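According to this note's numbering, the sequence shown holds residues 64 to 457 in order. To start, the structure itself, in structure tokens.
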Amino acid sequence: MAREYDVAVIGAGAAGMMCAIAAGRRGRSVIVLDHAGAPGEKIRISGGGRCNFTNIHAGPKQYLSGNPHFFKSALARYTPADFVALVDKHKIAWHEKALGQLFCDNSAKDIIQMLIVEMRAVGAELSLKREITAVEKTEAGFRLQTSDATISACALVVASGGKSIPKMGATGLAYKIAEQFGLTLTETRPGLVPLTLDPGLLAALAPLSGVSVDATLRHGRTVFREALLFTHRGLSGPSVLQISSYWREGDMVTVSIEPDIDLLGLLKAARQENGKQAAQTVLGHVLPKRLAQYLVEARGLASRPLAELPDKLLQGLVDGIQNWQITPAGSEGYRTAEVTLGGVDTNGLDSRTMQAKSVSGLYFIGECVDVTGWLGGYNFQWAWASGHAAGEAV
Ligand SMILES: Cc1cc2nc3c(=O)[nH]c(=O)nc-3n(C[C@H](O)[C@H](O)[C@H](O)COP(=O)(O)OP(=O)(O)OC[C@H]3O[C@@H](n4cnc5c(N)ncnc54)[C@H](O)[C@@H]3O)c2cc1C
């Protein structure tokens, strides 16, 4: 069976569906192909099932890329307000959480349904369970081979995502297609991912599994302040996921737990007031008790009353809490990473259209491109914006 379209999109994720909608609105005949059995599987599981679909603060500051200017044009031309207008048009209830993050009130499935309805409205065809076996350039455009069909299209948009969460259908196909057509790739690595600890530290911290605290995490000049979660594998929580995108193997991360609290002042005052108290008792008023116990025990101070602890020991204890230097052993990898850092080199793409500079009609959008956002709705905003930019150009 051979079929012809103006535009073929590989990947029915956030970027691919948005691109199909924008292209369809301009009268293009569009087919969206995906090997999965359902569209938008990552949207479905995102934001704890409620999809943090954008962030009202989305701007160049929250994105990482080999070229810090590349993403500006697309983000400026399709803004969080544009996506919110679409969500409102479909009467999907949403709310703002901390830090400008917008979530569905009910379910991430509302966003998937909205995209399907919009695609239908513009006549874009969704073709699921399609394994792409070959892609080739023809005089008129591109020819795609699937197990049971040949699809020809004037333009090919690659929106098949990155490597994160292979169980959810990630394959790295975009990188293969980029290489096939001579585009350069930048190094890929897992981003927004929990960090692991060496066995000794992991065993020591095991009693803290499940404890969550307010913390700043610093890597070089990059600082995030959000929750830190101790897990049975290492460290997680938003502040850890954020810093993981900047962290490299062997690098140190500085943790400051409850950075606004003057712990030294607190301990000294408690010592003066009642020197018989234990440090863990005092710290247990402002930190989770299990954590306070661990921190004091780790310094061998648990059995000594505060009166026996000179300023120097108290300062050392506080430094271990608010200037704690950790060298993570690694990360949990693509198995749990929310995104893939790196990918199709932006130098090979036109920042206005996402078209490959060297191959007319070939476009790359979404996570497969070397553009990665912070945690908090920024990655979907990139998917919508880059998808829209390509959809306006194909
Ligand atoms: C657990 C989790 C939670 C997340 N939560 C959020 C959040 O709340 N907010 C946020 O902004 N970001 C979130 N993200 C990140 C966000 O999901 C991605 O940035 C976004 O999905 C990227 O969109 P995309 O369309 O480029 O790629 P994807 O959504 O990955 O879509 C790619 C599509 O291509 C298909 N595909 C892959 N390989 C092939 C192939 N060989 N043949 C055919 N089809 C193929 C896949 O099946 C998939 O449908 C989360 C990610 C994860 C893993």
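C-beta atoms are modelled at their ideal positions from N, C-alpha and C, and glycine is treated no differently. Fair warning: this is a prediction, and the values are worked out from it, not measured in the lab.
Take the alpha-carbon of Ala453 and the one of Leu425: they are about 10 Å apart. Scanning Val221, Leu265, Ala187 and Gln176 for the CA closest to the CA of Val198 turns up Val221.
In the DSSP secondary-structure assignment, Cys167 is bridged to Trp157. Cβ atoms of Val70 and Gly79 stay farther apart than 8 Å, at about 11 Å. Sixteen is the threshold: since fewer than 16 other Cβ atoms of the shown chains lie within 10 Å of the Cβ of Asp314, the residue is exposed. Nearest in C-alpha terms to Gly439, of all of Leu255, Asp413, Ala269 and Gln418, is Leu255. The beta carbons of Phe293 and Leu268 sit closer together than 8 Å. Taking the Cβ of Asp97 as the reference point, at least one heavy atom of ligand 1 falls within a distance shorter than 7 Å. In the displayed model, Gln340 falls within coil according to three-state DSSP, outside both helix and strand. The three-state reading of DSSP puts Cys114 in coil, since its state is none of H, G, I, E or B.
Here the alpha carbons of Leu265 and Glu360 stand approximately 16 Å from one another. When C-alpha distances from Glu321 are compared across Ser299, Val381 and Leu377, the shortest belongs to Val381. Nearest C-alpha to Pro368 among Gly379, Gly383, Ala392 and Asn337: Asn337. Judged by DSSP in its simplified three-state form, Ile384 adopts helix.
DSSP places Lys226 outside both helix and strand once states are collapsed to three, so it counts as coil. Exposed is the label assigned to Ser210, since fewer than 16 other Cβ atoms lie within 10 Å of its Cβ.
Ser170 and Asp145 have their C-alpha atoms spaced approximately 20 Å apart. If the five residues before and after Pro102 are omitted, its C-beta is found closer than 8 Å to the C-beta atoms of Ala75, Gly76, Met80, Val95, Ile175, Leu178, Ile179, Leu189 and Leu191, all from its own chain and listed in chain order. Excluding its 5 nearest sequence neighbours in each direction, His98 has C-beta neighbours in its own chain below 7 Å: Lys192, Arg193, Glu194 and Gly232, listed in chain order.
Note on Ser299: 16 or more other CB atoms within 10 angstroms of its CB, so buried under the neighbour-count rule.
A contact is defined here as three or more CB-CB pairs under 8 Å, and the segment 200–219 fails this definition with respect to the segment 390–404.
Per DSSP, reduced to three states, the secondary structure at His282 is strand.
For the pair of segments examined, the segment 407–420 was found not to touch the segment 277–295: the number of CB pairs separated by less than 8 Å stays below three.
With a cutoff of 8 Å on beta-carbon distance, Val318 and Ile428 are scored as not near each other.
When only Cα atoms are considered, Ser272 and Met417 end up about 43 Å apart. Taken through DSSP and simplified to helix, strand or coil, Arg252 comes out as strand. Here the distance from the Cβ of Val70 to the nearest heavy atom of ligand 1 is not below 7 Å. Ranking Arg281, Trp387 and Tyr126 by CA distance to the CA of Leu138 puts Tyr126 first.
Glu430 is the residue among Trp447, Ala456, Gln444 and Glu430 whose C-alpha sits nearest the C-alpha of Ser227. Ranking Gly450, Asp433 and Thr117 by CA distance to the CA of Gly129 puts Asp433 first. Distance from Lys172 to Phe166 at the Cβ level is roughly 13 Å; contact not present, criterion being Cβ atoms closer than 8 Å. Comparing C-alpha distances from Thr201 to each of Arg183, Phe244 and Phe134 shows the shortest one belongs to Phe244.
In this structure, DSSP gives Gly87 a helical state, which the three-state scheme calls helix. Distances from the CB of Val198 to the heavy atoms of ligand 1 are all 7 Å or more. Taking all protein chains in view, the Cβ of Arg252 is crowded by 16 or more other Cβ atoms within 10 Å, so the residue is classified as buried.
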